[in-house]
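Residue numbers (the numbering used here), protein chains in the order written: chain U, 1 to 234; chain R, 1001 to 1450.
Cβ atoms here follow ideal geometry from the backbone N, Cα and C, with glycine treated the same way.
Note that the structure is a prediction, hence the values are computed from the model and not measured.
Structure, as structure tokens:
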Ligand SMILES: Nc1ncnc2c1ncn2[C@@H]1O[C@H](COP(=O)(O)OP(=O)(O)OP(=O)(O)O)[C@@H](O)[C@H]1O
Ligand SMILES: [Mg+2]
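Take a look at the structure:
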């Protein structure tokens, strides 16, 4: 199996008044292509911070992240934008959709950014069909023109997943994707993720719920900024 | 394209954007209306001064005038770039009526009415003899008596509240006694020992309306030779006070004045032996703007003041737009984080807000300019209506020499105001836009998680 992303000795701290809060204290992590990794830990253990660093939404103080063998700390601003846009897809706990755009447009956002105005107009039909197909697959075929605030939490999260997948990223990062949903809706979202993984999608998911983590192939336990245990399902 | 799309959506979804549009529209409206009226008043006033003076004038500050030389006038008239030349005698005096116990200080100008009408707007300023300047000084009720033309406000022609003068069908038969103080070329009182004052009687033949209150309220026009006698400019050699010149229509003002100046310098050189060379030396060649500078400058100063005030208004608009965008960026920081997290560049994010600002500027300007133009088109009917209904008048026509409120809309001016308004919006949005682009992705996304 090939390594898709590797974190090497990541440190991250935040200034807290006069003191500094050392959140990540040397995290090293290897994730294989096609795997489903769950990161678990108590609230405040640094799970989100780690995921943000992997998705290049934040920078580590020390250590490096290598994506497909390339150190993303050396990326230029344009390369970083391309990395966020095409290599990874991010799913947030609070969906983070744009209220001014409808469901279809929200899903299309990453593709609009990739292609620029002329490119997008040229491929518009093809891209819209691809986005509609993704939404259809997640049971949102009838809601394309709806605004996010007209959807339920579970529906919104499925739109967010569709958006994250729009540019066919090699890696899907999900930060507590079910954290804000009831257990039934949540398990629906987890089913979607599981199915994606069966189709070959590499996924890293953060959760504080050990039962949810059980469905992943690999579980990384985070405690006080360190990885204390890594368990693998056979 | 994405920045535009988002800008349009933000624009439509945020009530505060309409507030900004209203602010810009209001500002544009006021600027368009007030500056158009002001520009109209100023150019109207300039045109009146132009008509009163002619294109170019040779004049002296001295009350004793300068030598009148028919050869010099003939030389001027023979120039291909000159259309008309009119010499004039200027003096000051008092008017009164037989048996009256009052007198009024006046100025008088001696002219040949036909020549003066060709060189200036004198003929057009007349009422009864508008199309017959050769009869300007002939009282219709007493054709054989000496006549004069009196400034319309000095003549006491009454005015309606709308500003129109009410002329009787015939000039009112008034006999005026004009007294003046003749001066020698050295500036002493002439005809010393006899009678120090020259007095003559004239009949009011017509009135003159130049639209310049200072002239219309104190000027009496007389035949050139009459004025010359009154002012004592007939001896020991004939003198005049000014020469008014009109250029051919194809001749540029500055170009014409330069040529006259050159001719005058040459003429001056040939007259060095003249006993009163000093009087000739005191003569200045001016274009009408230079000649009326002090009067026009007062009005232009007000115009500059207004423009300055509106610059302040523009700054306030920039500030309003700035505040609205500052708030918007605060509201939309989550969106900014989201867009960054899916790889939108900082420049594109700044563009969202700048496009938004451009939209506000464009809509505001369009609305304001359209409203302003509409208002200008109807400004006179509106003022009339206000006057009839509420007795309100922007300018009291019994005091100000204004007919209609000028409402000539200038497309170039409109375009400039529009560009300035859009630029002001962009300036106001610039700092918030840069601020938006510089936000740290995680920071904003984390804030909204709390
Ligand atoms: N920008 C920041 N400034 C200061 N402290 C921060 C910042 N970001 C994170 N922290 C702190 O770092 C610690 C870890 O945060 P993080 O969000 O990674 O935890 P988490 O494991 O995701 O917790 P949860 O399960 O509650 O989401 C927390 O104590 C948090 O207060
Ligand atoms: Mg978290």
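Item: Jot down the residue ranges of each uninterrupted alpha helix (DSSP H) in the stretch 1320-1353 of chain R, minimum 4 residues, whole runs only, in chain order.; Value: 1333-1341
Item: Looking at residue 155(U) and ligand 2, is the gap between the Cβ and the nearest heavy atom below 7 Å?; Value: no
Item: Which residues of chain U have a Cβ atom closer than 7 Å to the Cβ of residue 1335(R), listed in chain order?; Value: 98
Item: Based on DSSP bridge pairs, tell me the residues matched to residue 1086(R).; Value: 1244(R)
Item: Output yes or no for whether 8 Å exceeds the beta carbon distance between residue 1085(R) and residue 1065(R).; Value: no
Item: Since residue 1008(R) and residue 1359(R) should fall inside the 8 Å C-beta cutoff, what is the C-beta to C-beta distance between them, to a whole number of angstroms?; Value: 7 Å
Item: Residue 1268(R) lies in the alpha helix (DSSP H); which residues open and close that run?; Value: 1253-1270
Item: Please work out which residues of its chain come closer than 7 Å, Cβ to Cβ, to residue 1448(R), disregarding the five sequence neighbours upstream and downstream, and give them in chain order.; Value: Unreliable positioning characterises residue 1448(R) in this predicted model, as indicated by a pLDDT of 47, which lies under 50. The coordinate reading is nonetheless provided below. Answer for residue 1448(R): 1334, listed in chain order.
Item: Using only the heavy atoms of ligand 2, determine whether one of them is closer than 7 Å to the beta carbon of residue 182(U).; Value: no
Item: Taking residue 52(U) and residue 58(U) to be in contact with their CB atoms under 8 Å, please state how far apart those CB atoms are, rounded to whole angstroms.; Value: 4 Å
Item: Using the Cβ count rule (16 or more neighbours within 10 Å means buried), how would you classify residue 1339(R)?; Value: buried
Item: Taking DSSP as the reference, what is the three-state secondary structure of residue 1448(R)?; Value: Bear in mind that a pLDDT of 47 at residue 1448(R), under 50, signals an unreliable position, so the number given afterwards is only what the model happens to contain. Coil.
Item: With a threshold of 8 Å between beta carbons, is residue 210(U) in contact with chain R?; Value: no
Item: Using CA atoms only, rank isn't needed, just tell me which of 160(U), 130(U) and 145(U) is closest to residue 94(U).; Value: 160(U)
Item: If you follow the alpha helix (DSSP H) that residue 188(U) is in, where does it begin and where does it stop?; Value: 183-198
Item: If we ignore side chains and look at the alpha-carbon of each, how far apart do residue 119(U) and residue 1303(R) end up?; Value: 52 Å
Item: Is residue 1142(R) helix, strand or coil when you go by DSSP?; Value: coil
Item: Rounded to a whole number of angstroms, what is the C-alpha to C-alpha distance between residue 1375(R) and residue 1033(R)?; Value: 8 Å
Item: Distance check for residue 148(U) and residue 1413(R), CA to CA, integer angstroms please.; Value: 46 Å
Item: Does DSSP put residue 218(U) in a helix, a strand or coil?; Value: strand
Item: Beta-carbon of residue 81(U) versus every beta-carbon of chain R: anything under 8 Å?; Value: yes
Item: Thinking residue 1235(R) and residue 1059(R) are a contact (beta carbons under 8 Å), I'd like their distance in whole angstroms, please.; Value: About 22 Å; that fails the 8 Å criterion.
Item: In or out: residue 1169(R) buried (at least 16 other Cβ within 10 Å) or exposed?; Value: exposed
Item: From this set, 1411(R), 1384(R) and 1419(R), which residue's C-alpha is nearest residue 1452(R)'s C-alpha?; Value: In the structure displayed, chain R extends from 1001 to 1450; residue 1452(R) sits before or after that span and is not available.
Item: Identify, in the order they occur along the chain, each residue of the same chain with its Cβ nearer than 8 Å to the Cβ of residue 1353(R), setting aside the five sequence neighbours on each side.; Value: 1007, 1325, 1328, 1329, 1429, 1432, 1433 and 1436
Item: Tell me which residue opens and which closes the beta strand (DSSP E) that residue 1070(R) is part of.; Value: Unbroken run through residue 1070(R) is the alpha helix (DSSP H), 1070-1077; no beta strand (DSSP E).
Item: How big is the Cα-Cα spacing for residue 1026(R) and residue 164(U)?; Value: 44 Å
Item: Tell me whether residue 1113(R) sits in a helix, a strand or coil according to DSSP, three-state version.; Value: helix
Item: Consult DSSP for residue 83(U) and reduce its assignment to one of helix, strand or coil.; Value: helix
Item: By DSSP, does residue 1222(R) sit in helix, in strand, or in coil?; Value: strand
Item: Counting only Cβ pairs nearer than 7 Å, list the residues of chain B close to residue 1341(R).; Value: Among the protein chains of the structure shown, namely U and R, there is no chain B.
Item: Along the stretch 105-138 of chain U, what residues have a CB closer than 7 Å to any CB found in chain R?; Value: 109, 110, 112, 113, 117 and 120
Item: Less than 8 Å between C-beta atoms, sequence neighbours within five positions excluded: which residues of the same chain meet that for residue 167(U)?; Value: 85, 86, 89, 110, 111 and 114
Item: Any chance the CB of residue 1341(R) is under 7 Å from a heavy atom of ligand 3?; Value: As presented, the structure is devoid of ligand 3, carrying ligand 1 and ligand 2 as its sole ligands.
Item: Look up residue 27(U) in the DSSP assignment and give the residues it is bridged to.; Value: 10(U)
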